[in-house]
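Chemist: Residue numbers for the sequence shown follow numbering that gives the first Met the number 0, so the first one is 0 and each next one is one higher.
Beta carbons are placed, not taken as given, at the ideal position from N, Cα and C, and that holds for glycine.
This structure is in structure tokens; I'll ask about it shortly.
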Amino acid sequence: MTAKDILLHLRIPFSFFLMPVYWFAISQATIVDKSRAIWVFVILHLLIYTASNAYNSYFDKDEGSIGGLEKPPAVDDKLFWVAWVIDTIAVILGFLFVNPLFALLIFIYSMVSKAYSDDKVRLKKYAVFSWFIVGLFQGAFTYYTIILAVSNNDEFLQPHLLPAIISTLMLWAIYPITQVYQHEEDRKRGDRTMSMLLGIKGTFIFTAAVFTVAFSLFFLYFPESDFIILLLFNLPTLAYFSWWFLQVLKDSGQADFHHVMWLNLLASLCLNGFYIWLYMR
């Protein structure tokens with residue numbers, strides 16, 4: 000593999016799709032240490048998530064499109080070791096510039112991420128369990144990791160339980176739709192994804208249902224004025240999702256890589272925009 004191939008498999012832009020959890024946590028933290036918040040952002044989005052992408056690419060050896068990369072280059076052992084080196088650097092930086100607890104939590108996250116892909120464990124083979132674990136760790140676990148890293152207050156469970164649950168629900172909603180175009184490739188590897196279990200149309204219905212639950216909890220959590228602004232921010236995502244679903248009902252071939260990436264980009268822009276607005280106001 001060339002350095003360019005490795006860089007492509009890190010899929011750095013894909014980290015943008017996971018960024019809403021960071022901004023949600025930052026916007027809800029009572030106290031934010033800005034220096035640590037910057038380190039947390041860099042470590043998560045430029046190191047932990049990219050190492051996870053590389054590790055996943057190494058074991059999947061995809062020939063078709065994957066999240067954030069339409070034509071993935073062939074992989075070799077260099078990508079495996081790059082993933083481990085990046086994770087190690089992330090944990091060291093987390094220990095030195097954030098705190099030991101943050102370093103421990105991102106180490107746990109990286110190990111769970113590796114278990115998802117590694118052929119010795121391969122959580123990805125188990126549709127419901129992998130869906131549950133991915134949503135839990137990319138959602139609530141990451142939310143609490145950020146809160147503990149950037150805030151000095153002792154409030155932990157009670158004030159942040161509902162937004163942590165919402166973070167997981169949002170991941171549980173979006174995760175199956177990101178798999179909807181990969182059924183054939185996943186089937187070849189012997190994986191059993193949530194989207195395969197649900198079917199193409201079932202994936203869209205499931206995503207809509209879980210999003211509805213998440214936004215119902217948003218309604219309970221936010222003041223009415225903030226909830227209305229949340230809805231306004233997310234109208235483009237709702238409109239695109241509805242339009243795309245209608246296209247898929249006419250032609251299942253429309254459940255493809257390009258539509259998934261556009262949905263991910265739009266949803267991330269809308270949610271990041273709202274959470275940043277909450278933090279900045």
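(1) For the alpha helix (DSSP H) containing Leu270, name the first residue and the last one.
(2) Using the Cβ count rule (16 or more neighbours within 10 Å means buried), how would you classify Pro162?
(3) Determine, using beta carbons only, whether Leu6 and Asn52 come nearer to each other than 7 Å.
(4) Any chance the stretch 227-243 sits against the stretch 261-272, with 3 or more Cβ pairs inside 8 Å?
(5) With a cut-off of 8 Å on the beta carbons, I'd call Ile199 and Ser251 a contact; round off their distance for me.
(6) For the stretch 86-94 against the stretch 12-31, are there 3 or more C-beta pairs whose distance is under 8 Å?
(7) Sorted by chain position, which residues of the same chain lie with C-beta nearer than 6 Å to Leu270's C-beta, five sequence neighbours on each side aside?
(8) Should the stretch 96-109 be regarded as contacting the stretch 136-150, the criterion being three or more beta carbon pairs within less than 8 Å?
(9) In its own chain, which residues sit with a C-beta less than 6 Å from the C-beta of Ser194, not counting the 5 before and 5 after it?
(10) Just checking my contact of Leu147 with Leu216 at CB under 8 Å: how many whole Å lie between their CB atoms?
(11) To the nearest angstrom, how far is it from the Cα of Gly189 to the Cα of Met110?
(12) Which word fits Leu46, buried or exposed, when buried means at least 16 other C-beta atoms lie within 10 angstroms of its C-beta?
(13) Which first and last residues belong to the alpha helix (DSSP H) in which Ile85 is found?
(14) In the DSSP assignment, find the unbroken alpha helix (DSSP H) run with Met18 in it and report its ends.
(15) What is the rounded straight-line gap between the Cα of Asn98 and the Cα of Ile275?
(16) Which one of Trp80, Phe13, Phe210 has the shortest CA to CA distance from Lys113?
(17) Quick check: Ser129 and Asn55, are their CB atoms within less than 7 Å of each other?
(18) Heavy atom of the ligand SAM less than 6 Å from the Cβ of Phe226, yes or no?
(19) Hey, how far is the Cα of Leu17 from the Cα of Lys249?
(20) Our contact map puts Tyr108 next to Phe136 with C-beta atoms below 8 Å; I'd like the distance itself, whole angstroms only.
(21) Apart from the five residues just before and just after Ile88, which ones in its own chain have a Cβ nearer than 8 Å to its Cβ?
(22) In whole angstroms, what is the alpha-carbon distance linking Asp118 and Lys187?
Modeler: In short:
(1) Start and end: 256-279.
(2) buried
(3) no
(4) yes
(5) 5 Å
(6) Contact fails: fewer than three Cβ-Cβ distances are below 8 Å.
(7) Pro19
(8) yes
(9) So the list reads Pro175, Gln178, Val179, Thr202, once near-sequence residues are dropped.
(10) Going by Cβ atoms, the distance from Leu147 to Leu216 rounds to 22 Å, so no, they are not a contact pair.
(11) The straight-line gap from Cα to Cα measures roughly 22 Å.
(12) Buried is the call here.
(13) 76-96
(14) Met18 -> alpha helix (DSSP H) spans 18-27.
(15) 24 Å
(16) Closest option to Lys113, judged by alpha-carbon separation, among Trp80, Phe13, Phe210: Trp80.
(17) no
(18) Ligands are entirely absent from the displayed structure, and the ligand SAM is therefore not among its contents.
(19) 30 Å
(20) 6 Å
(21) Leu46
(22) 14 Å
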